[in-house]
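In the UniProt record's numbering, the protein residues as written are 1 to 90.
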């Protein structure tokens with residue numbers, strides 16, 4: 001989806017508010033678009049808003065389809081955040 005490409009560029013330019021608006025627009029267009037949630041969670045992770053990032057990663061997992069890319073990137077990022085938060089239990 002073109003809007004997520006725009007959002008990724010904005011995120012990489014550290015224009016976080018504009019990137020967040022673009023991710024939210026992508027989710028408004030397609031509420032089941034897992035990549036928008038995944039990339040939105042990376043934005044929150046970069047900002048240190050780990051709890052919100054975890055919620056977005058959870059949504060990315062919920063809407064990810066078997067034909068999508070591998071799940072390992074999501075699980076890795078979740079594990080990294082949980083480690084930062086020192087949440088080691090299951």
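Even for Gly, the Cβ is constructed at its ideal location relative to N, Cα and C.
Fair warning: this is a prediction, and the values are worked out from it, not measured in the lab.
- [ ] Take residue 18 and list the residues in its own chain whose beta-carbon comes closer than 7 Å to its own, dropping the five residues that flank it on each side.
- [x] 10
TODO: Closer than 8 Å by C-beta to residue 33: which residues in its own chain qualify, once you throw out the five before and the five after it? Chain order, please.
DONE: 1, 4, 26, 27 and 63
TODO: Please check the pair residue 41 and residue 53, which I expect to be a contact at CB under 8 Å, by giving their CB distance rounded to whole angstroms.
DONE: Residue 41 to residue 53, Cβ: 5 Å. Contact.
Task: Alpha carbon of residue 78 to alpha carbon of residue 44, nearest angstrom - done: Distance from the CA of residue 78 to the CA of residue 44, rounded to the nearest whole angstrom, comes to 12 Å.
Open item on the list: Quick check: what's the CA-CA separation for residue 83 versus residue 30?
Closed with: 31 Å
Task: Residue closest to residue 49, alpha-carbon to alpha-carbon, out of 85, 12, 76 and 24 - done: 85
Open item on the list: Whole angstroms are fine: how far does the CA of residue 58 sit from the CA of residue 21?
Closed with: 20 Å
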